[in-house]
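Have a look at the structure below, then the notes.
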Amino acid sequence: MSDPSVQQREVIGPGGDPMVTALATGRSHPPPGEVRAADLFGAVSLAADLARGVPLEHVLRSCYMGMPLAEELGLPASQRVELYYAELLMDVGCTAWTSQLAAFLVGDEILARQRFVFFVDPANPVAVLGWLRQHLALGASTPRRARHAFEFLVHGRAFVRAGFRNTCEVAQRFAQRMGRP
Numbered sequence: 010m011s012d013p014s015v016q017q018r019e020v021i022g023p024g025g026d027p028m029v030t031a032l033a034t035g036r037s038h039p040p041p042g043e044v045r046a047a048d049l050f051g052a053v054s055l056a057a058d059l060a061r062g063v064p065l066e067h068v069l070r071s072c073y074m075g076m077p078l079a080e081e082l083g084l085p086a087s088q089r090v091e092l093y094y095a096e097l098l099m100d101v102g103c104t105a106w107t108s109q110l111a112a113f114l115v116g117d118e119i120l121a122r123q124r125f126v127f128f129v130d131p132a133n134p135v136a137v138l139g140w141l142r143q144h145l146a147l148g149a150s151t152p153r154r155a156r157h158a159f160e161f162l163v164h165g166r167a168f169v170r171a172g173f174r175n176t177c178e179v180a181q182r183f184a185q186r187m188g189r190p
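Under my numbering, think of the first position of the sequence shown as 10, with each following residue one higher.
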């Protein structure tokens, strides 16, 4: 067991930070009636996976892979704790721009966003046009599809950039409200 004064300095919030508590005391379960921050952040990460249309536990796998890398890099325990929570929150704000994306696409914005983020090189106009053809206002009249395509081509880059920025801002605000830096 580590020095109790060190544990007191590192424990955050009621019941303490589960990862720091586990590192300091060897215990990983919260007292009865309390919820660990890790459990809450993990649940939020699962909701983000669903909202993004990625395989369930995508964020958890990222976290699982990141922790051994942090240890290999020799990061101190306090930085590994912050990395742990940052990884769990990496997509928490992913729905911040969903309504705007849905208005642009008039279709399945989850599938469209997934394909855009993972399979389209935004610097390649041919790839972007192919993506637009597959996802933009499907079933709408040709003039309506053309109008949406034009709007996306004119405003799409700024729109996507703002969407990713909003995602990060929501994650940052969530972390701050939960007592994380």
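Using N, Cα and C, we set each Cβ at its ideal position, and we do this for glycine too.
Cβ-based burial, residue i [other Cβ within 10 Å; buried from 16]
i	result
Phe113	buried
Leu78	exposed
Leu49	exposed
Arg166	exposed
Phe125	buried
Glu118	buried
Helix, strand or coil at residue i according to DSSP, with G and I counted as helix
i	result
Gly102	coil
Ser150	coil
Leu8	No answer is possible for residue 8: the residues shown for the chain start at 10 and end at 190.
Asn175	helix
Pro41	coil
Gly165	helix
Arg156	helix
Arg89	helix
Pro77	helix
Residues of its chain near residue i, where Cβ-Cβ distance is below 7 Å and the 5 sequence neighbours each way are ignored
i	result
Cys72	Tyr93, Glu96, Leu97
Asn175	Gly102, Ala105, Trp106
Val129	Ala136, Val137, Trp140
Candidates the options: closest to residue i by CA position
i	options	result
Leu65	Trp106, Gly83, Gly51, His144	Gly51
His67	Pro131, Met99, Arg189	Met99
Ala132	Val169, Arg45, Ala60	Val169
Ala47	Leu69, Pro41, Leu59	Leu69
Gly188	Ser108, Glu91, Ala56, Asp58	Glu91
Sequence-distant residues of its chain with Cβ nearer than 8 Å to residue i (five each side left out)
i	result
Glu178	Gly102, Ala105
(request) Ignoring anything shorter than 4 residues or poking outside the stretch 102-143, list the alpha helix (DSSP H) runs there in chain order. (result) 107-114, 118-128
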